[in-house]
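Residue numbers (this note's numbering), protein chains in the order written: chain H, 3 to 212; chain B, 576 to 821.
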Amino acid sequence: MGSYFVQIMQGFNVTLSVFVITLVLSLPLGVVVAIIRLSKICVFEKIAELYIWILRGTPLLLQIIFIYFGLPLIGIKFDRLNAVYFAFVFNYAAYFGEIFRSGIQSIERGQTEAANILGFTPFQINTKIILPQVIKRTLPAIGNEVITLVKDTSLVYIVGASEILKMAKGIANRDATLVPYIVVGVIYLVLTYVITKLFDKIERKVQYDE
Amino acid sequence: MNNNHILLKTEGLYKKFGENVVLNNINFELKEGEVVSLVGKSGAGKTTILRCITGLEKPSGGNIIVDDKYVSKFDEKTNTVVNASKNELHEIRKSLGMVFQNYHLFPHMTVLQNVTLALTEVYKMSKEDAKEKAIDMLKSLGLGDKTDSKPFSLSGGQKQRVAIARSCVTNPKLLCFDEPTAALDTALISDIIKIIRDFAKKGMGILIISHDERFVRDVSDRILLMKDGQIVEEMTPSDFSEKIRS
Ligand SMILES: Nc1ncnc2c1ncn2[C@@H]1O[C@H](COP(=O)(O)OP(=O)(O)OP(=O)(O)O)[C@@H](O)[C@H]1O
Ligand SMILES: [Mg+2]
């Protein structure tokens, strides 16, 4: 069992890099999507809406397949992992964008007006007044997405990249045993457990009553 | 002190939302140390006046002058209203304070942070000086023991006094109140009257919107009655108290 673990963990690099790169890029991109969606500039708003609709309305698996297997047919080629990063980052940015949008909209406009009259600049209002409240309000939803992301990393198998699930499947076929599936399941459970606890901790830290 | 300086003047102020005319030819002045109240039925346009004065709403016509600077000015040649630029408005707002009906405190900050934030961020005061000034202000409003509380834990009257502290700590010349007594009981109403009169004594100009006739009678120097977007009558407190009795 220990050796299964070691072998499966050879795929951990890929799993981890998909997870980290997606988070690091899609969170800020999500903020941008939310801002564009709320920009009140009709064309941009519509484009952002369309983007969100398509990316949330189709399976991530289809998006990965489209980019890795589809686009080369019209001459746009990505290597395996880049295709995966692309699909994941744009997909998750759409989800995060919607979460941030609803968070921003949930802050009563009166606070912005009060701050305007107090003389704050729009930048100060966004960073000192809106953002901390948006973070607090969206944290539970963000936490859910991050846990989904851990599990979604397994979709990478479709392009043949060697992440932990693919490693487990290889070993299971080779040795005709189901133990690797259990081991990989436990790895996902540990990861999601750690993330859940981490978000609990952050949530408690930014908690305030309203 | 020169008590004749005009802090606020509106000339032919006109505002419509779409086709709906909400303010029609509003003319009035407010001087240093003066407490003026706008009264009138719901929908008469009272809040809209405050929002135009503070630059939250753009007038459709007329002039608004705060502390000798134009918030908006009607240009006869082009027949359009020219509003203060962002920078001009920023300067004008240094003379303005506004206490909203729902206070709009920042819920993620303590009482003290609510009051110091503008001092440190807008007026670039040092943290220590800002804190000292804010604590003085909070103490003078009877909130000395609430500095570290969060807004959610305060009563309505306490929240209002935090909102007052937040607006007044930057020494505005003109302070506007929208329905200051809406959430207060009688004892708190006499407190707020005293607070407002104290500010006025120091030379602050105060503009109040209220439905509360007794409060208006007791706090104001002058009372303007609004009806359908116009000021139809100007009264002294004694005129007003006769009117409400009859
Ligand atoms: N943003 C807006 N868009 C369209 N119409 C508006 C807007 N704000 C106010 N109005 C209209 O302007 C009129 C005056 O509103 P205002 O809020 O100034 O009244 P008010 O005298 O403050 O009333 P109240 O005593 O109920 O607060 C109302 O008919 C209202 O429907
Ligand atoms: Mg009103």
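All residues carry an ideal CB built from backbone N, CA and C; glycine is no exception.
Minimum Cβ-Cβ distance from residue i to chain B less than 8 angstroms
i: G99 of chain H; result: no
i: K138 of chain H; result: yes
i: G187 of chain H; result: no
i: L73 of chain H; result: no
i: D211 of chain H; result: yes
i: F122 of chain H; result: yes
i: A116 of chain H; result: yes
i: Q107 of chain H; result: no
i: I197 of chain H; result: no
i: L130 of chain H; result: Here residue 130 of chain H turns out to be Lys, not Leu, going by the sequence shown. With 8 angstroms as the cut-off, K130 of chain H counts as an interface residue toward chain B.
i: P142 of chain H; result: no
i: E110 of chain H; result: yes
i: I119 of chain H; result: yes
i: Q126 of chain H; result: yes
i: P134 of chain H; result: yes
Opposing strand residues paired with residue i [DSSP bridges]
i: I798 of chain B; result: B:S612, B:M810
i: D650 of chain B; result: B:T655
i: Y589 of chain B; result: B:G636
i: E604 of chain B; result: B:K584
i: M673 of chain B; result: B:C751
i: K644 of chain B; result: B:V641
i: L598 of chain B; result: B:K590
i: Q805 of chain B; result: B:K802
i: I784 of chain B; result: B:L613, B:D753
Beta-carbon separation (whole angstroms), residue i vs residue j, contact threshold 8 angstroms
i: L598 of chain B; j: T623 of chain B; result: 6 angstroms
i: V674 of chain B; j: R797 of chain B; result: 20 angstroms between Cβ atoms; not a contact.
i: I768 of chain B; j: D793 of chain B; result: 5 angstroms
i: L799 of chain B; j: E809 of chain B; result: 6 angstroms
i: I806 of chain B; j: F603 of chain B; result: 6 angstroms
i: K633 of chain B; j: E663 of chain B; result: The Cβ separation is near 14 angstroms, so there is no contact.
i: G780 of chain B; j: G608 of chain B; result: 7 angstroms
i: F125 of chain H; j: V33 of chain H; result: With a Cβ gap of about 14 angstroms, F125 of chain H and V33 of chain H do not count as contacting.
i: I173 of chain H; j: Q9 of chain H; result: 6 angstroms
i: I784 of chain B; j: L605 of chain B; result: That belief does not hold up - the Cβ atoms of I784 of chain B and L605 of chain B are roughly 13 angstroms apart, past 8 angstroms.
i: L63 of chain H; j: I160 of chain H; result: 6 angstroms
i: F790 of chain B; j: I764 of chain B; result: 6 angstroms
i: F90 of chain H; j: L57 of chain H; result: Contact flag wrong, Cβ pair sits at about 11 angstroms.
i: K706 of chain B; j: T685 of chain B; result: Wrong, their Cβ atoms sit about 11 angstroms apart, outside the cutoff.
i: V596 of chain B; j: G804 of chain B; result: 6 angstroms
i: S221 of chain H; j: F98 of chain H; result: Absent from the structure is residue 221 of chain H, since the part of chain H shown begins at 3 and ends at 212.
i: K708 of chain B; j: V744 of chain B; result: 6 angstroms
Minimum Cβ-Cβ distance from residue i to chain D less than 8 angstroms
i: Q113 of chain H; result: Among the chains of the structure shown, chain D does not appear; the protein chains present are H and B.
Interface flag, residue i vs chain H, CB-CB below 8 angstroms
i: K708 of chain B; result: no
i: L671 of chain B; result: yes
i: F774 of chain B; result: no
i: E754 of chain B; result: no
i: P634 of chain B; result: no
i: T585 of chain B; result: no
i: F727 of chain B; result: yes
i: V646 of chain B; result: no
i: F592 of chain B; result: no
i: V697 of chain B; result: yes
i: R668 of chain B; result: yes
i: N677 of chain B; result: yes
i: H786 of chain B; result: no
i: L692 of chain B; result: yes
i: T623 of chain B; result: no
i: F815 of chain B; result: no
i: H580 of chain B; result: no
i: P812 of chain B; result: no
i: L631 of chain B; result: yes
i: F790 of chain B; result: no
Practice task
Please confirm if the region 667-677 of chain B is in contact with the region 741-750 of chain B, defined as three or more CB-CB distances below 8 angstroms between the two stretches.
Solution key: In short, these stretches touch, since the Cβ pair count reaches three.
Handout entry: 4-residue-minimum alpha helix (DSSP H) runs that sit fully inside the region 110-149 of chain H, ordered along the chain
Key = Contiguous alpha helix (DSSP H) elements confined to the region 110-149 of chain H occur at 111-120, taking only those with 4 or more residues.
Practice task
Report yes or no: do three or more beta-carbon pairs, one from the region 138-150 of chain H and one from the region 705-719 of chain B, lie closer than 8 angstroms?
Solution key: Of all C-beta pairs linking the region 138-150 of chain H to the region 705-719 of chain B, fewer than three are shorter than 8 angstroms, placing the two stretches out of contact.
Handout entry: the region 635-648 of chain B / the region 583-593 of chain B touching (three or more Cβ pairs under 8 angstroms)
Key = They touch, by the three-pair rule.
Exercise for the section: Counting only runs of 4+ residues fully inside the region 694-772 of chain B, write out the alpha helix (DSSP H) ranges in chain order. Expected result: Counting whole runs of 4 or more residues, the region 694-772 of chain B contains the alpha helix (DSSP H) stretches 702-715, 731-743.
Problem - 4-residue-minimum alpha helix (DSSP H) runs that sit fully inside the region 22-90 of chain H, ordered along the chain - result: Counting whole runs of 4 or more residues, the region 22-90 of chain H contains the alpha helix (DSSP H) stretches 44-59, 62-67.
Problem - Segment contact, 8 angstroms Cβ cut-off, at least three pairs: the region 166-177 of chain H with the region 115-126 of chain H - result: Touching, no, given that fewer than three Cβ pairs across the two stretches are closer than 8 angstroms.
Problem - Three or more C-beta pairs below 8 angstroms linking the region 102-109 of chain H and the region 64-81 of chain H - result: Verdict: no, contact absent.
Exercise for the section: Kindly confirm or deny that the region 150-159 of chain H and the region 193-206 of chain H touch, where touching means at least three C-beta pairs closer than 8 angstroms. Expected result: Two segments are said to touch when three or more pairs of C-beta atoms, one from each, lie closer than 8 angstroms; by this definition the region 150-159 of chain H touches the region 193-206 of chain H.
Practice task
Pair every Cβ in the region 13-22 of chain H with every Cβ in the region 83-93 of chain H, then say whether three or more of these pairs are closer than 8 angstroms.
Solution key: Judged by Cβ distances under 8 angstroms, the region 13-22 of chain H makes contact with the region 83-93 of chain H, as three or more pairs qualify.
Handout entry: Three or more C-beta pairs below 8 angstroms linking the region 129-137 of chain H and the region 751-761 of chain B
Key = A contact between stretches requires three or more CB pairs, one per stretch, nearer than 8 angstroms, and the region 129-137 of chain H fails this requirement with the region 751-761 of chain B.
Exercise for the section: Would you check if the region 170-186 of chain H and the region 199-208 of chain H touch, i.e. whether three or more CB-CB distances between them fall below 8 angstroms? Expected result: As far as the Cβ criterion goes, the region 199-208 of chain H does not touch the region 170-186 of chain H, which means the pair count is below three.
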